[in-house]
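Protein chains in written order, with numbering that gives the first Met the number 0: chain A, 0 to 351; chain B, 0 to 351. All remarks here apply to the structure that follows.
Protein chains: 2
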Amino acid sequence: MSKIRLVIVGFGGMGSWHAESVKNKVPEIEVYGAYDIRPEAAENARKKGLFVYDSLDAVLADESVDLITIAVPNNFHKDIAIRALRAGKNVICEKPVTLNSAELEEIIAVRNETGKLFSIHQNRRWDRDFRIVKEAKDRGLLGRVYMVKSIVQGSRGAMYGWRGHKENGGGMLLDWGIHLLDQAMQLFDEKVVSVDAHLQSMYTPGVDDNIHLFLRFESGCSYIMEMSTNCLINLPRWHVQGTEGTLQVNDWSCSGKLMKLKPNAEMKWTDDIVYTEAGPTRTMAPRPEYTMVELPLPDVHPDWSEYYKNIAGVLNGTESLIVTPEQALRVMNVVDLMFKADAERGARKCCI
Amino acid sequence: MSKIRLVIVGFGGMGSWHAESVKNKVPEIEVYGAYDIRPEAAENARKKGLFVYDSLDAVLADESVDLITIAVPNNFHKDIAIRALRAGKNVICEKPVTLNSAELEEIIAVRNETGKLFSIHQNRRWDRDFRIVKEAKDRGLLGRVYMVKSIVQGSRGAMYGWRGHKENGGGMLLDWGIHLLDQAMQLFDEKVVSVDAHLQSMYTPGVDDNIHLFLRFESGCSYIMEMSTNCLINLPRWHVQGTEGTLQVNDWSCSGKLMKLKPNAEMKWTDDIVYTEAGPTRTMAPRPEYTMVELPLPDVHPDWSEYYKNIAGVLNGTESLIVTPEQALRVMNVVDLMFKADAERGARKCCI
Numbered sequence: 000m001s002k003i004r005l006v007i008v009g010f011g012g013m014g015s016w017h018a019e020s021v022k023n024k025v026p027e028i029e030v031y032g033a034y035d036i037r038p039e040a041a042e043n044a045r046k047k048g049l050f051v052y053d054s055l056d057a058v059l060a061d062e063s064v065d066l067i068t069i070a071v072p073n074n075f076h077k078d079i080a081i082r083a084l085r086a087g088k089n090v091i092c093e094k095p096v097t098l099n100s101a102e103l104e105e106i107i108a109v110r111n112e113t114g115k116l117f118s119i120h121q122n123r124r125w126d127r128d129f130r131i132v133k134e135a136k137d138r139g140l141l142g143r144v145y146m147v148k149s150i151v152q153g154s155r156g157a158m159y160g161w162r163g164h165k166e167n168g169g170g171m172l173l174d175w176g177i178h179l180l181d182q183a184m185q186l187f188d189e190k191v192v193s194v195d196a197h198l199q200s201m202y203t204p205g206v207d208d209n210i211h212l213f214l215r216f217e218s219g220c221s222y223i224m225e226m227s228t229n230c231l232i233n234l235p236r237w238h239v240q241g242t243e244g245t246l247q248v249n250d251w252s253c254s255g256k257l258m259k260l261k262p263n264a265e266m267k268w269t270d271d272i273v274y275t276e277a278g279p280t281r282t283m284a285p286r287p288e289y290t291m292v293e294l295p296l297p298d299v300h301p302d303w304s305e306y307y308k309n310i311a312g313v314l315n316g317t318e319s320l321i322v323t324p325e326q327a328l329r330v331m332n333v334v335d336l337m338f339k340a341d342a343e344r345g346a347r348k349c350c351i
Numbered sequence: 000m001s002k003i004r005l006v007i008v009g010f011g012g013m014g015s016w017h018a019e020s021v022k023n024k025v026p027e028i029e030v031y032g033a034y035d036i037r038p039e040a041a042e043n044a045r046k047k048g049l050f051v052y053d054s055l056d057a058v059l060a061d062e063s064v065d066l067i068t069i070a071v072p073n074n075f076h077k078d079i080a081i082r083a084l085r086a087g088k089n090v091i092c093e094k095p096v097t098l099n100s101a102e103l104e105e106i107i108a109v110r111n112e113t114g115k116l117f118s119i120h121q122n123r124r125w126d127r128d129f130r131i132v133k134e135a136k137d138r139g140l141l142g143r144v145y146m147v148k149s150i151v152q153g154s155r156g157a158m159y160g161w162r163g164h165k166e167n168g169g170g171m172l173l174d175w176g177i178h179l180l181d182q183a184m185q186l187f188d189e190k191v192v193s194v195d196a197h198l199q200s201m202y203t204p205g206v207d208d209n210i211h212l213f214l215r216f217e218s219g220c221s222y223i224m225e226m227s228t229n230c231l232i233n234l235p236r237w238h239v240q241g242t243e244g245t246l247q248v249n250d251w252s253c254s255g256k257l258m259k260l261k262p263n264a265e266m267k268w269t270d271d272i273v274y275t276e277a278g279p280t281r282t283m284a285p286r287p288e289y290t291m292v293e294l295p296l297p298d299v300h301p302d303w304s305e306y307y308k309n310i311a312g313v314l315n316g317t318e319s320l321i322v323t324p325e326q327a328l329r330v331m332n333v334v335d336l337m338f339k340a341d342a343e344r345g346a347r348k349c350c351i
């Protein structure tokens, strides 16, 4: 079977990451060429041994090219994706796939028309921290999960390059927000029944850079996301509460733990108020240690290259597509509503 | 100056706490008597040396009584408060002052008519953890504060006694929710411009017992509250982010820290993506240690008895009232909207 020939359009930070990653880990795909409007980026691709095209038309006219990865600023995704599909190419697009759901619907229509593959590089579905949470939930280790916090706190205060510009589709909701929402909607195989968002522009004028996002799923689960850029004491990456236990992943290194209720450890209640450090309270009095057991986090070892391996499997007819545009459309529908909810002061306007 | 004579109406867990607390710490007030419809509670008051009335009418008819503290289930607050004010008594009411803002407006009308004192026992304004946060914010140690998390996680899974019944005004929003909202609105001397709430009934049917509350203040600050009852790994009690630093209070013992940006510690940026444990990212790459400094938390020592000391000061004409019904009305307006936001699926209905 001949190799799938890949060309990368947009050879900036993520573009060159795609090249290295595929070259080292996905033998089914040949990283053949690149195109970038910036001469220095093109030069960088040439140094890495890639064939450098001098126009997008030249890429699309090259019949030997099977697959295009689009890694340009977000506002150019739609047009390039549609042109590439119409030229008969299979297409991978960096996230966010588009700036809104309407743009994505245009792409999906062309995908349907052409029958080519279209997928989005939601690489963080293979993040180890996320997979630990998913494994724990799917195996029922926590019982029914009803409160989730998914938190990513940086401390450099800035959005970089074009990500700091509204017209390029910059801002945190369209950057990390897309990843965290995609993870949330992969974790819960359920309808999203309400959304809200608090978007603040603190350090990069014109785009949201410190944000809280809120989802409620059909089962009632309350799911909170935070992305911030000037946090000097980090909260855990994940905190997940279920009817039978609580899971915490501390950080990217994936230290953490899972505490479970012991099934038969009976608690004796008294009707008296308990005098705790919190003052008189029964509700918040501590639970005896003997009613709980600590378990290690699930042992999982995902790898981002699995994304491209799946693409190769789909093109070779042996696998079905993992990251579909229909999934991305649900995420973009949520994002559209979040921008509206924020602009209209969310849930209810008031001035109390 | 003669002592202020106090009678406690409702001598359950909190009622007897009021008696002890005032007796030991507030010499200006004499804890004289009690009334409770339950014979065993009345007997308990008698054993503690209090004069036990045999009806509420008898309490209200006793001209020697200056001050009534109401510590009965929430649904009885309004009627007793109004009767007591009309009988010429000064009145302290346990929180939540009423079940909704309309009930409180009725009380305020009678307070205006009678000119007597009416206050709400928002004792948690004197919690040390809260005062640490307030001191840090008021002294500007964090710069402008724009993200706050106020989290209270219990693990016993239950709401106790009448607090588990809707008709008594049970549930977490009207219990701890009132405290955390009052603290939030004390911390920010600003209008609340949006509210949302995710209320779940997980372990006590009929009342909300595991809840997320969301406020946005006029300056844009996003303020999240959580109260949960089956959490086996606790998040910090407070996490507060400002433009110049981050503060964390770990728990009721008030361990924690404050990290500040060093004013002149310049950071050198590169335009390259940083390869972190989180993958390729500039935004979330770590900040060098030398750009930050760790400070101890502010050293504060509030005491709940200051609430009653202020009441005595007001009645003796030397102080103005700290906890006013007008403040409580703002909190109850927020609570009313939160119940609506939850029932109507908050921000925006959707089914994505």
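The beta-carbon is built from N, C-alpha and C at its ideal position, and this holds for glycine as well. Quick caveat, the model's predicted, so the values are computed rather than measured.
For the ligand SAH, is there any heavy atom lying closer than 8 Å to the beta carbon of Ala60(B)? Absence of the ligand SAH from the depicted structure is noted, as is the absence of any ligand whatsoever, leaving it without description.
I'd like to confirm the pairing. Which residues does DSSP put opposite Leu34(B) in its beta bridges? As a first step, residue 34(B) must be located in the second sequence, where it is residue number 35. According to the sequence displayed, residue 34(B) carries Tyr and not Leu. Answer by DSSP bridge pairing, in chain order: Val8(B).
Do Val194(B) and Arg215(B) have their beta-carbon atoms positioned less than 9 Å apart in this structure? Position 216 of the second sequence, counting from 1, holds the residue named residue 215(B). Position 195 of the second sequence, counting from 1, holds the residue named residue 194(B). Contact flag set, yes.
Chain A contacts made by the segment 183–217 of chain B, where a contact means CB separation under 7 Å: Lys190, Val191, Val192, Ser193, Val194, Asp195, His197, Gln199, Met201, Asn209, His211, Phe213, Arg215
For His238(B), which residues does DSSP report across the bridge? Position 239 of the second sequence, counting from 1, holds the residue named residue 238(B). His238(B) pairs with Lys148(B), Gln247(B).
Classification of Phe85(B) by the beta-carbon crowding that lies within 10 angstroms, buried from 16 upward: Taking the second sequence and counting its residues from 1, the one referred to as residue 85(B) is at position 86. With the sequence shown as reference, residue 85(B) is identified as Arg, and Phe is not the correct amino acid for it. Exposed, since its Cβ has fewer than 16 Cβ neighbours within 10 Å.
For Val299(A), which residues in the same chain have their Cβ closer than 8 Å to its Cβ, ignoring the five residues on either side in sequence? For the purposes of this step, residue 299(A) is taken as the residue at position 300 of the first sequence. Excluding residues within five positions, the ones whose Cβ falls inside 8 Å are Arg127, Arg130, Ile131, Glu134.
Against chain A: residues of the segment 281–297 of chain B by CB proximity under 8 Å: Arg281, Thr282, Met283, Ala284, Pro285, Arg286, Met291
Contact defined as beta carbons within less than 8 Å: I believe Gly14(B) pairs with Ala70(B). What is the distance between those atoms, to the nearest angstrom? Looking up residue 14(B) in the second sequence gives position 15. Looking up residue 70(B) in the second sequence gives position 71. Rounded, the Cβ-Cβ distance is 4 Å, consistent with contact.
According to DSSP, is Lys24(B) part of a helix, a strand, or is it coil? The residue given as residue 24(B) occupies position 25 in the second sequence. In the structure shown, Lys24(B) sits in a helix (DSSP, three-state: H, G or I).
Pick out whichever of Phe75(B), Asn332(B), Val90(B) has its Cα sitting closest to the Cα of Glu104(B). As a position in the second sequence, residue 104(B) is number 105, starting the count at 1. Closest by alpha carbon: Asn332(B).
Tell me the DSSP secondary structure of Val71(A) in three-state form. The residue labelled residue 71(A) in the question sits at position 72 within the first sequence. Of the three classes helix, strand and coil, the one that applies to Val71(A) here is coil, per DSSP.
Does DSSP classify Val96(B) as helix, strand or coil? Here residue 96(B) corresponds to residue number 97 of the second sequence, with the count starting at 1. Here Val96(B) sits in coil by DSSP.
Going by C-alpha to C-alpha distance, which of Leu55(A), Phe10(A), Ser63(A) sits closest to Lys2(A)? Here the question's residue 2(A) lines up with position 3 in the first sequence. It is Ser63(A).
Which residue marks the beginning of the beta strand (DSSP E) containing Phe216(B), and which one marks its end? As a working mapping, residue 216(B) is identified with position 217 in the second sequence. Run containing Phe216(B): 209–216, per the beta strand (DSSP E) assignment.
Simplified DSSP state of Phe187(B), which is helix, strand or coil: The count along the second sequence starts at 1 and reaches residue 187(B) at position 188. Phe187(B): coil per DSSP, three-state reduction.
At 7 Å on the CB atoms, spell out the chain B contacts of Cys230(A), in chain order. Sequence index remark: in the first sequence, residue 230(A) carries index 231 (1-based). By Cβ distance, chain B contributes Gln240, Thr245.
Distance, Cα to Cα, Pro72(A) vs Gly170(A)? Looking up residue 72(A) in the first sequence gives position 73. Looking up residue 170(A) in the first sequence gives position 171. Spanning the two alpha carbons is a distance of roughly 12 Å.
Chain A contact residues for Glu276(B), given Cβ-Cβ distances below 7 Å: The residue you call residue 276(B) lines up with position 277 of the second sequence. Per Cβ cutoff of 7 Å: Trp251, Ser252.
Quick one: any contact between the segment 314–324 of chain B and the segment 147–167 of chain B, if contact means 3 or more CB pairs under 8 Å? no
Residues of the segment 130–146 of chain A in Cβ contact with chain B at a cutoff of 8 Å, in chain order, please. Tyr145, Met146
So the alpha helix (DSSP H) Ser304(B) belongs to, where does it begin and stop? In the second sequence, residue 304(B) corresponds to position 305, counting from 1. First-last of the alpha helix (DSSP H) with Ser304(B): 304–314.
Checking 9 Å against the spacing of the C-beta atoms, do Gly139(A) and Trp303(B) come in under that value? Taking the first residue of the first sequence as 1, we reach residue 139(A) at position 140. Taking the first residue of the second sequence as 1, we reach residue 303(B) at position 304. Against a cut-off of 9 Å, the Cβ pair of Trp303(B) and Gly139(A) comes out as no contact.
List, in order along the chain, the chain B residues whose C-beta lies closer than 8 Å to that of Arg82(A)? Against the first sequence, residue 82(A) aligns to sequence position 83. Going along chain B, no residue has its Cβ under 8 Å from Arg82(A), so there is no contact; the nearest lies around 27 Å.
Determine the closest residue to Lys88(A) out of Ala101(A), Ile36(A), Val109(A), with distance taken between C-alpha atoms. Counting from 1 along the first sequence, the entry for residue 88(A) is found at position 89. Closest by alpha carbon: Val109(A).
Would you please state the rounded distance, in angstroms, between the beta carbons of His211(A) and Ala196(A)? I believe it to be under 8 Å. The sequence position of residue 211(A) within the first sequence is 212, counting from 1. The sequence position of residue 196(A) within the first sequence is 197, counting from 1. Yes, they are in contact, since the Cβ atoms of His211(A) and Ala196(A) sit about 7 Å apart, within 8 Å.
Report yes or no: is there a C-beta of chain B within less than 9 Å of the C-beta of Asn315(A)? One-based indexing of the first sequence puts residue 315(A) at position 316. Output row for Asn315(A): interface = no.
Quick one: residues in its chain with C-beta nearer than 6 Å to the C-beta of Pro95(B), no 5 flanking neighbours on either side, listed in chain order? To locate residue 95(B), count along the second sequence from 1; it is residue 96. If we look at Pro95(B) and ignore the five residues flanking it on each side, its Cβ neighbours are Asn73, Leu173, Ile177.
C-beta contact flag for Gly241(A) and Gly142(A) at 9 Å: Start at 1 with the first residue of the first sequence, and residue 241(A) comes out as number 242. Start at 1 with the first residue of the first sequence, and residue 142(A) comes out as number 143. Yes.
Mind pulling the chain A residues with CB within less than 8 Å of Met224(B)? Counted from its first residue, the second sequence places residue 224(B) at position 225. Within chain A, no residue comes near Met224(B); the closest Cβ sits about 11 Å away, beyond 8 Å.
Can you find a C-beta in chain B that's less than 9 Å from the C-beta of Arg4(A)? In the first sequence, counting from the first residue as 1, residue 4(A) sits at position 5. Chain B contact via Cβ: absent.
DSSP state of Val51(A), grouped into three classes? Taking the first sequence and counting its residues from 1, one reaches residue 51(A) at position 52. In this structure, Val51(A) counts as strand in the three-state DSSP scheme.
Hey, Asp335(B) and Asn43(B) are a contact pair by Cβ (cut 8 Å); roughly how many whole angstroms apart? For this step, residue 335(B) is matched to residue 336 along the second sequence. For this step, residue 43(B) is matched to residue 44 along the second sequence. No, Asp335(B) and Asn43(B) are not in contact; Cβ-Cβ is about 35 Å, not under 8 Å.
Using DSSP with H/G/I as helix, E/B as strand and the rest coil, what is Leu336(B)? Taking the first residue of the second sequence as position 1, residue 336(B) is located at position 337. In the structure shown, Leu336(B) sits in a helix (DSSP, three-state: H, G or I).
So, with DSSP's three-state summary, where would you put Asp195(B)? In the second sequence, counting from the first residue as 1, residue 195(B) sits at position 196. Correct three-state label for Asp195(B): strand.
Whose CA, out of Ile28(A), Thr282(A), Val144(A), lies closest to the CA of Ser218(A)? Taking the first residue of the first sequence as position 1, residue 218(A) is located at position 219. Considering only alpha carbons, the answer is Val144(A).
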